[in-house]
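As structure tokens, the structure follows; a few thoughts come after it.
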Amino acid sequence: MSRPERMISSAEVKDAVFYGEIIEEYADDMRGESCLIYRTKHQRIIHVVCAPKEAYLAIITAYLPEPSQWSADLKKRK
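Here it is as structure tokens:
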């Protein structure tokens, strides 16, 4: 059984954290300092929001960016 097209695997999230590019930083986030990571692999682009903690990395969310809300390269908000 294949996964739905918009589902993001844990492997994709891990890949983004290790090899992605930080495109936004949120120093004043209510959850503590966090950032938005951009990763493209096999022509699939994902965004991951995470917050580094002393003992772990908190993954807040991962999503496929909506092109209408981002620049053409999906790295800057409109």
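Residue numbering for the sequence shown follows the working numbering, starting at 110 and increasing by one per position. A virtual CB, placed ideally from N, CA and C, is assigned to each residue, including glycine.
From K162, S180, L173, I132, residue whose alpha carbon lies closest to that of P113: Taking the sequence shown and counting its residues from 1, one reaches residue 113 at position 4. The option with the nearest alpha carbon to P113 is L173.
Assumed close pair V158, V126 - CB separation to whole angstroms, cut-off 8 Å: Translated into the one-based positions of the sequence shown, residue 158 becomes position 49. Translated into the one-based positions of the sequence shown, residue 126 becomes position 17. Not really, about 11 Å apart at Cβ, beyond 8 Å.
Counting only the same chain and skipping the five closest in sequence on each side, list residues whose C-beta sits under 8 Å from that of I146. By one-based count along the sequence shown, residue 146 stands at place 37. So the qualifying residues of the chain are A125, V126, G129, E130, I131, I132, H156, V157, V158, C159.
Please check if any C-beta of chain D sits within less than 9 Å of the C-beta of Q178. Absent from the structure: chain D. Only one protein chain is present.
The alpha helix (DSSP H) with E121 in it runs from where to where? Against the sequence shown, residue 121 aligns to sequence position 12. Counting along the chain, the alpha helix (DSSP H) containing E121 begins and ends at 119-128.
List the DSSP bridge partners of P161. The residue labelled residue 161 in the question sits at position 52 within the sequence shown. DSSP, once it has assigned bridges, lists L166 as partnering P161.
Beta-carbon within less than 6 Å of G141's beta-carbon, same chain only, minus the 5 sequence neighbours each way: which residues are those? To locate residue 141, count along the sequence shown from 1; it is residue 32. Once the five neighbours on either side are set aside, the close Cβ partners of G141 are A160.
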